[in-house]
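J.:
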Amino acid sequence: MYFSEEEDTVQEKYNFKEVEKKWQDRWEKEELYRVEEDSPEEKYYCLEMFPYPSGKLHMGHVRNYSIGDVVARFKTMRGYNVLHPMGWDSFGLPAENAAIQNHIPPAKWTMDNIKSMKEQLKAMGLSYDWSREVTTSLPDYYKWTQWLFLQFYKHGLAYKKKGYVNWCSDCNTVLANEQVVNGACERCDTPVDKKALEQWYFRITDYAQELLDSLADLPGWPDKVKIMQENWIGRSEGAEIYFTVEKTGEKIPVYTTRQDTVFGVTYVVLAPEHPLVKKLIAGTNYEQSVQDFVKKVQQMTEIDRTSAETEKEGIFTGAYAINPINQEKVPIWVTNYVLYEYGTGAVMGVPAHDERDFMFARKYNLPIRFVIQPLEQKTNEAEMTEAYVEDGMMINSGSFNGLTSAEGRRKVAEFLEEKGAGKFMVNYRLRDWLISRQRYWGAPIPIVYCEQCGTLSVPEKDLPVILPLDVEFRPTGESPLNNYPEFLHTTCPQCGGAATRETDTMDTFVCSCWYFLRYTDSQNTEEAFRREKADYWMNVDQYIGGVEHAIMHLMYARFFTKALADFGLLEAREPFQNLLTQGMVLKDGLKMSKSKSNVVSPEEIIKKYGAETARLFILFAAPPERDLEWSDRGVEGSYRFINRVWRLIYHYLQDLKQNKEKFVSTQDLSSADQDLRRLMHSTIKRVTEDLELRFNFNTAISAIMEFVNGLYHYREEEKQNAPLLREAIEMLLTILAPFTPHLSEELWEAVGHQESIHLQSWPEYDEEALKTEEIEIVLQINGKVREHLIVPVEISREEIEKLALNTERVQKTAIGKEIKRVIVVPGKLVNVVIS
RNA sequence: GCGGAAGUGGCGGAAUUGGCAGACGCGCACGCUUGAGGGGCGUGUGGUUAUCCGUGCGGGUUCAAGUCCCGCCUUCCGCACCA
């Protein structure tokens with residue numbers, strides 16, 4: 156990019172309003188941040204989580220995008236071909252709620268918000284390639300979300316089934332397991348109900364093992380996030396064991412990780428929803444009471460039911476089961492503490508070796524039988540007040556006596572497997588992803604139902620299934636699609652007869668599962684993305700966003716990437732190579748929120764101090780992954796620094812314009828010149844390493860501040876070296892460019908450059924320039940700092956030792972004592988140990 | 001209960017491999033500049049000062065510990081009857 160010929164008058168005081176606007180407009184006009192795939196440079200994909208267009212930018216956004224912008228600009232200057240896109244996660248409930256409350260159509264509300272948020276983002280001076288912008292709620296995007304759904308369907312990874320699902324009565328829709336927090340809707344906190352409904356699922360459980368295993372391929376992810384995903388997947392190894400109903404011979408599979416305790420089983424328990432419950436009690440004396448109990452449990456809220464503190468309750472069904480290991484007859488109970496969704500929905504009760512079973516058995520006077528002996532001491536059964544849940548040695552277990560728990564787990568499972576009464580089993584806590592929502596503002600699921608032909612995909616050529624915009628909302632929250640005949644009624648793609656459309660839409664997390672792929676080829680009207688383009692850009696080298704997406708978005712996106720790779724659509728099996736989870740922005744130690752009225756508006760800060768002050772403060776105040784305490788004083792400090800840089804360079808402006816001599820020789824430098832030059836190079840080194848190795852923006856900025864302080868000191872020198880000064884100032888502007896892009900660009904132009912500073916290379920430091928002739932080392936006596944010695948750089952260990960021993964301080968201290976040892980750490984310190 | 005992160009001046013934070021604790025910034029004090037205020041430029045600023053003491057607490061390893069080991073405390077975050 157080249158600057159226009161017109162002469163700019165540089166003002167004495169930094170006018171951030173004019174300057175920021177001037178460069179934002181010029182960068183946009185010149186398409187400075189546009190990237191293509193045909194670059195000789197190595198690619199780098201820098202991505203920040205795209206926002207939901209609420210209409211207003213908040214400080215979390217400012218932090219997220221400031222971090223991303225520094226990374227993108229820095230990598231560009233380091234010589235990478237950087238993809239840095241932005242878009243909108245624009246389906247979702249708030250738009251619909253706005254429609255119900257204020258009678259604004261969701262599409263209009265959404266597009267208006269996008270417009271105003273885009274202006275706010277542009278006012279921040281972020282280096283996005285806006286030509287790649289994606290909007291998930293527009294047909295040119297959701298067409299491909301629907302197309303991807305069909306690929307999942309075709310490959311058997313999307314299916315419909317009836318099951319007990321989480322229902323939020325306030326949002327009027329079902330929720331995925333991941334969207335239920337403590338038994339309540341994560342969006343509105345309404346306790347969820349369990350409803351038996353037919354719903355669409357993605358078979359993420361097919362990928363459970365790979366999702367778990369390949370966490371190991373992500374060293375660039377925070378351990379915290381990997382551990383959370385690991386726990387969510389919840390893999391366990393155990394056995395399925397088949398108990399049989401005494402009367403009917405029907406099998407009851409139970410899942411356990413402690414098959415070594417199978418001789419300790421004194422009862423079997425079923426979840427209230429277990430289908431066997433009804434059969435067992437039908438026509439017996441127990442029928443009424445068990446039914447009452449089941450009803451009671453099902454009426455409990457999800458919170459109460461799943462809390463570990465909830466009292467364990469149960470009821471005998473009147474039926475008995477046979478333990479396949481020893482043919483023993485044990486009672487079958489129904490309880491509130493067995494989860495139908497996990498394992499087989501049935502559990503073997505081993506009170507002696509499981510806390511929950513222990514409490515349950517105590518309450519209902521069920522027998523407790525010890526079958527695992529601690530290795531160190533003998534259990535005194537009479538004195539036991541809690542279950543022994545550790546491993547040990549098997550006792551009271553027939554031919555298995557004497558085995559350790561680990562051996563027992565293997566042998567018992569093998570034995571049962573041989574008898575056809577059980578098998579080894581790996582279990583996961585991860586459930587399939589429920590993706591259908593009974594809401595309007597989402598991507599319609601491209602399915603039609605025909606009375607003759609059944610459930611059918613919409614043919615790919617008929618995509619997108621357009622979401623109608625002129626719909627009417629009812630205050631109930633019911634999806635208006637159900638009352639929109641033109642949408643609902645269609646023809647069967649197979650027989651041509653009358654058919655109806657699926658009116659459920661997809662969970663918005665489906666849309667955000669592949670947006671990073673669409674960015675690589677966002678204008679493509681023939682495909683979701685061209686494979687070569689995706690393969691060129693993927694994986695995302697650096698992904699940046701909030702930790703609140705640790706499970707849902709990040710796991711769903713990983714699942715999508717793996718599935719798409721299996722469909723042959725791309726090479727990558729992981730979407731995000733490196734992940735940075737930024738901390739929250741706090742005010743007065745609390746998360747900013749309307750209810751606490753401690754919200755600081757980015758718009759106001761930008762208006763008052765300019766975008767760069769806001770960016771600089773946020774990057775300077777804390778390292779990116781930590782929470783950040785907002786401080787108005789701190790903001791003023793950043794504002795001061797920016798003006799300090801401006802004044803410094805303004806002071807030299809005339810000289811710099813007239814004297815364009817380049818710095819070439821290190822001859823004839825005064826000691827102040829040498830100091831300045833050393834400071835300059837050590838600053839480059841520090842800033843480069845802080846950005847390259849650690850994303851420590853705060854310490855990088857502090858190094859630049861020290862450099863500026865050094866330049867102010869140099870300004871006091873009588874004799875100043877003009878070429879050196881020019882080099883130092885240009886270096887300063889260059890390393891500031893990722894942090895303060897407008898200021899740097901304006902001054903870069905002012906000192907006489909025609910090409911944008913953002914197209915310059917990142918400076919290299921000169922190892923030679925860092926060297927000094929003398930260094931300061933620490934003199935310690937018994938490990939305590941006593942003095943500082945100035946010594947030549949190339950001094951030997953022996954000389955340092957001699958020097959140290961000859962100091963007055965050491966001599967004095969050593970009177971009447973023995974010098975036991977002298978430790979020399981070259982270049983750092985000498986420690987004299989005196990008894 | 002389980003898992004993770006953190007705890008350093010009046011405040012935000014630095015200390016990269018065990019080697020000068022407190023970089024940088026805020027605040028505060030003082031000086032210079034200015035008609036004044038603001039702003040700017042500069043100096044000082046952990047606590048005590050004879051010296052010592054200091055990184056949540058108590059031990060330990062080491063010539064040397066904010067950093068390593070053992071045992072606790074507090075705060076925040078995530079998960080939580082998963083058999």
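Quick note: to get this note's numbering, add 155 to the position in the first sequence (first position is 1).
Think of the CB as a built atom: it goes at the ideal place given N, C-alpha and C, for glycine as much as any other residue.
Give a yes or no on contact between the segment 891-900 and the segment 762-773, applying the rule of three or more CB pairs nearer than 8 Å.
T.: Yes, the segment 891-900 is in contact with the segment 762-773.
J.: Give me the residue from N556, V933, P486 with the minimum Cα distance to N478.
T.: N478 has its Cα closest to that of P486, out of N556, V933, P486.
J.: What does the Cβ neighbour count give for I382, buried or exposed, with the cut at 16 atoms within 10 Å?
T.: The residue in question, I382, is exposed, as its Cβ has fewer than 16 Cβ neighbours within 10 Å.
J.: Taking W302 as the reference, which of N986, P614, I912, Y356 has the closest Cα?
T.: The option with the nearest alpha carbon to W302 is P614.
J.: So does E569 have its beta carbon nearer than 8 Å to some heavy atom of the ligand SAH?
T.: Ligands displayed in this structure: none; no statement on the ligand SAH is therefore possible.
J.: So L643 packs on T660, CB below 8 Å; how close in whole Å?
T.: Rounded, the Cβ-Cβ distance is 14 Å, inconsistent with contact.
J.: Would you decide whether Q414 is buried or exposed? Buried here means 16 or more other CB atoms lie within 10 Å of its CB.
T.: Burial call: buried.
J.: Taking the CB atoms as reference points, tell me whether V493 and A426 lie closer together than 9 Å.
T.: In this structure, A426 lies closer than 9 Å to V493 by Cβ.
J.: Where in the segment 388-456 do unbroken runs of the beta strand (DSSP E), each at least 3 residues long, occur, reported from the N-terminal end onward?
T.: Qualifying beta strand (DSSP E) stretches, in chain order: 391-400, 406-411, 422-425.
J.: Closest to S271 by CA distance: which of P208, G792, E687 is it?
T.: Here the closest residue by C-alpha is P208.
J.: Report the CB separation of E496 from R586 in whole angstroms; it is logged as a contact under 8 Å.
T.: At roughly 7 Å, the Cβ-Cβ gap stays under 8 Å, so E496 and R586 are in contact.
J.: Would you decide whether T663 is buried or exposed? Buried here means 16 or more other CB atoms lie within 10 Å of its CB.
T.: Buried.
J.: In the structure shown, what three-state DSSP assignment does T231 receive?
T.: T231 falls in the helix class under three-state DSSP.
J.: Can you name, in chain order, every residue of its own chain whose Cβ lies under 6 Å from the Cβ of K975, other than the five neighbours on each side?
T.: Closer than 6 Å at Cβ, skipping near neighbours: V988, S990.
J.: Per the DSSP calculation, W355 is bridged to which residue(s)?
T.: Note: W355 sits in a beta bridge opposite K315.
J.: Count the other CB atoms within 10 Å of the CB of A624; is the residue buried (16 or more) or exposed (fewer)?
T.: The residue you asked about is not Ala; residue 624 is Leu in the sequence shown. The residue in question, L624, is exposed, as its Cβ has fewer than 16 Cβ neighbours within 10 Å.
J.: I'd like to check one pair, K198 with W692: are the Cβ atoms closer than 9 Å?
T.: Taking 9 Å as the Cβ cut-off, W692 and K198 qualify as a contacting pair.
J.: Throw me the rounded Cβ distance for the V452 and N491 pair, which I believe falls under 8 Å.
T.: Their Cβ separation, rounded to whole angstroms, is 5 Å, which keeps V452 and N491 in contact under 8 Å.
J.: Note down the Cα distance separating E885 from A892, rounded to an integer number of angstroms.
T.: Their Cα atoms are separated by approximately 10 Å.
J.: Indicate the three-state DSSP secondary structure (helix, strand or coil) for T962 in the structure shown.
T.: T962: coil per DSSP, three-state reduction.
J.: Taking Cβ positions, are K840 and E784 nearer each other than 9 Å?
T.: No. Outside cutoff.
J.: Measuring CA to CA, which of Y543, V842, L571 is closest to M860?
T.: Comparing Cα positions, the closest option is V842.
J.: Between the segment 363-376 and the segment 439-449, are three or more C-beta pairs nearer than 8 Å?
T.: As far as the Cβ criterion goes, the segment 363-376 does not touch the segment 439-449, which means the pair count is below three.
J.: Kindly identify the DSSP beta-bridge partner or partners of S286.
T.: None, per the DSSP bridge assignment.
J.: Pull up the DSSP beta-bridge partners for Y604, would you.
T.: Paired residues: T610, T655.
J.: How long is the line joining the alpha carbons of V165 and K762, rounded to whole angstroms?
T.: V165 and K762: Cα-Cα distance of roughly 21 Å.
J.: According to DSSP, is I140 helix, strand or coil?
T.: Outside the modelled stretch of the chain, which goes from 156 to 990, sits residue 140, for which no answer is possible.
J.: Along the chain, where does the beta strand (DSSP E) that runs through Y308 open and close?
T.: Y308 -> not in any beta strand (DSSP E); alpha helix (DSSP H) instead, spanning 294-309.
J.: Please classify E531: does DSSP put it in a helix, a strand, or coil?
T.: Three-state result, E531: coil.
J.: Got a sec? Which residues, its chain only, sit under 6 Å from Q275 by beta carbon, not counting five neighbours each side?
T.: Cβ neighbours of Q275 beyond the five flanking positions: L212.
J.: Who are the Cβ neighbours of Y794 in its own chain at under 6 Å, not counting the five residues just before and after it?
T.: Once the five neighbours on either side are set aside, the close Cβ partners of Y794 are Y764, T768.
J.: Are the CB atoms of Y595 and P635 within a distance shorter than 9 Å?
T.: Yes. Within cutoff.
J.: Compare the beta carbon distance of E392 and N520 with 9 Å and say whether it is the shorter of the two.
T.: In this structure, N520 does not lie closer than 9 Å to E392 by Cβ.
J.: Note down, one range per segment and in chain order, each alpha helix (DSSP H) of at least 4 residues found wholly within the segment 790-857.
T.: Complete alpha helix (DSSP H) runs here, min 4: 826-844.
J.: Distance, Cα to Cα, R584 vs V409?
T.: So the two alpha carbons sit approximately 15 Å from each other.
J.: Under 7 Å Cβ to Cβ from E385, same chain only, skipping five residues before and after it: list those, please.
T.: For E385, where only same-chain residues beyond five positions count, the Cβ hits under 7 Å are L367, L370.
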